[in-house]
Amino acid sequence: MVEVKVDHDKCTGCGTCVEVCPVGVFEIQNEKSVPVNESECLACRACEAQCPEAAIEIIE
Ligand code: SF4
Ligand code: SF4
1022 MVEVKVDHDK
1032 CTGCGTCVEV
1042 CPVGVFEIQN
1052 EKSVPVNESE
1062 CLACRACEAQ
1072 CPEAAIEIIE
């Protein structure tokens, strides 16, 4: 199983991860990204690569 970690100290709530994730893992809650569908993660790492704050870590 893949673990999706978002560092809320770094996250600005820009929504890029919501847009790039092909399986809808993320949702913005209170201006922070929350991995609400972590179990769907394909480990494609698009979110990790495109987060402008480097706030996402994918752990396989
Ligand atoms: S792309 Fe990064 S900074 Fe933007 S909402 Fe997602 S985790 Fe936060
Ligand atoms: S690694 Fe890919 S599938 Fe997993 S949360 Fe990031 S964008 Fe979505």
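The sequence shown lines up with residues 1022 to 1081 when you count with this note's numbering. For every residue, glycine included, the Cβ atom is placed at its ideal position computed from N, Cα and C. Bear in mind the structure is a predicted one, so any value in this text is a computation, not a measurement.
Excluding five sequence neighbours on each side, which residues of the same chain lie with their C-beta closer than 6 Å to the C-beta of residue i?
| i | result |
| --- | --- |
| Ala-1067 | Val-1041 |
| Gly-1078 | A small fix is needed here, since residue 1078 is Glu in this sequence, not Gly. Only Lys-1026 meet the Cβ criterion. |
Pick from the options: whose alpha carbon is nearest that of residue i?
| i | options | result |
| --- | --- | --- |
| Val-1025 | Cys-1062, Glu-1048 and Ile-1049 | Cys-1062 |
| Glu-1074 | Val-1027, Phe-1047 and Ile-1080 | Val-1027 |
| Ala-1064 | Ile-1080, Lys-1031 and Cys-1038 | Ile-1080 |
Looking only at its own chain, which residues have a Cβ that is under 7 Å from the Cβ of residue i, when we skip the five neighbours before and after it?
| i | result |
| --- | --- |
| Thr-1033 | Glu-1074 |
For residue i, which residues of its own chain have a beta-carbon under 8 Å away from its beta-carbon, when the five flanking residues on both sides are left out?
| i | result |
| --- | --- |
| Glu-1059 | Val-1023, Glu-1024, Val-1025 and Val-1046 |
Put residue i into one of helix, strand or coil per three-state DSSP.
| i | result |
| --- | --- |
| Val-1055 | strand |
| Val-1044 | coil |
| Val-1025 | strand |
| Glu-1074 | coil |
Thinking residue i and residue j are a contact (beta carbons under 8 Å), I'd like their distance in whole angstroms, please.
| i | j | result |
| --- | --- | --- |
| Cys-1057 | Ile-1049 | At residue 1057 the sequence reads Val, which differs from the Cys that was named. In fact, because the Cβ distance is near 10 Å, the residues do not count as touching under 8 Å. |
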